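Residue numbers (our numbering): 20 to 135.
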């Protein structure tokens with residue numbers, strides 16, 4: 020990861036994250052922020068790793084899968100830590116409103132050697 024020049028924060032399913040994604044429109048390139056709940060991580064921190072982010076846009080649930088080491092990802096920021104008991108939060112797809120809330124983890128301790 021360090022060779023690629025990217026700093027990937029320690030995040031997991033249940034965390035609310037903001038992904039700065041490079042969007043090319045014609046000749047211009049801009050960074051578009053995509054903020055939502057990470058509902059899954061696949062293949063760890065390896066080169067084939069990916070994560071799924073879910074957000075509610077205009078009353079409709081939208082999910083997007085990002086490759087972890089994509090060159091189109093400008094930045095990944097952890098907005099808040101969530102406390103969940105599952106590695107995959109696919110059950111949130113069928114929930115709306117208060118039942119889809121995730122409790123914030125106020126006492127989060129990062130893994131040893133990992134950056135928060």
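All C-beta atoms in this analysis are idealised placements derived from N, C-alpha and C, irrespective of residue type, glycine included.
Treat the numbers as computed from the prediction; the structure is a model and nothing was measured.
Tell me the DSSP secondary structure of residue i in three-state form.
i: residue 47; result: strand
i: residue 117; result: helix
i: residue 27; result: coil
i: residue 38; result: strand
i: residue 100; result: coil
i: residue 109; result: helix
i: residue 122; result: coil
i: residue 128; result: coil
i: residue 55; result: strand
i: residue 89; result: coil
i: residue 95; result: strand
i: residue 64; result: coil
Taking all protein chains shown into account, do 16 or more other C-beta atoms lie within 10 angstroms of the C-beta of residue i, making it buried, or fewer, making it exposed?
i: residue 96; result: exposed
i: residue 116; result: exposed
i: residue 56; result: buried
i: residue 38; result: buried
i: residue 81; result: exposed
i: residue 48; result: exposed
What are the start and end residues of the beta strand (DSSP E) that includes residue i?
i: residue 73; result: 69-76
i: residue 79; result: 79-86
Does the segment 87-100 come close enough to the segment 62-73 that 3 or more CB-CB pairs lie under 8 Å? yes
Taking 8 Å as the threshold, find out whether the segment 26-33 comes into contact with the segment 41-49 through three or more Cβ pairs. no
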